[in-house]
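Q: What follows is a single structure, and I will ask about it in a moment.
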Amino acid sequence: MTILRSEIYFVNLNPTSGREQSGTRPVLVVSSDNINRLPLVATVVVGTKGANVPRDHLTNVRVSSAENCLGLAN
């Protein structure tokens, strides 16, 4: 499988530790394609439903369902 920057993949994030996101979630690949070619290496941003976030944080980015192509408001 070729992992590409700016692509969205559904990834099983288990097992987790502490308050990390768990289960199958959409992830956005942000690492460069040169890095993504290395085995077991990719930097991703994990998506979650906005309802799971009780308040806005400076690091949160809200993406409407019309923009995310997932049919979910994240």
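Residues 410 to 483 in my numbering are what the sequence shown lists, from first letter to last. Heads up, the beta-carbon is just placed ideally off N, CA and C, and yes, glycines get one too. Since we're looking at a predicted model, the values are computed, not measured.
(1) Report yes if the CB atom of V436 is closer than 7 Å to the CB atom of V455, and no otherwise.
(2) Looking at the structure shown, is N423 part of a helix, part of a strand, or coil, going by DSSP?
(3) Can you give me the C-alpha to C-alpha distance between T452 and N421, rounded to a whole angstrom?
(4) On the DSSP letters alone, give me the boundaries of the beta strand (DSSP E) that L437 sits inside.
(5) Which residues in the same chain as V450 place their Cβ atom closer than 7 Å to its Cβ, once the five residues preceding and following it in sequence are excluded?
(6) What number of angstroms, rounded off, separates the C-alpha of V472 from the C-alpha of P448?
A: On the basis of the coordinates in this document:
(1) yes
(2) coil
(3) 15 Å
(4) T433 to V438
(5) I444
(6) 30 Å
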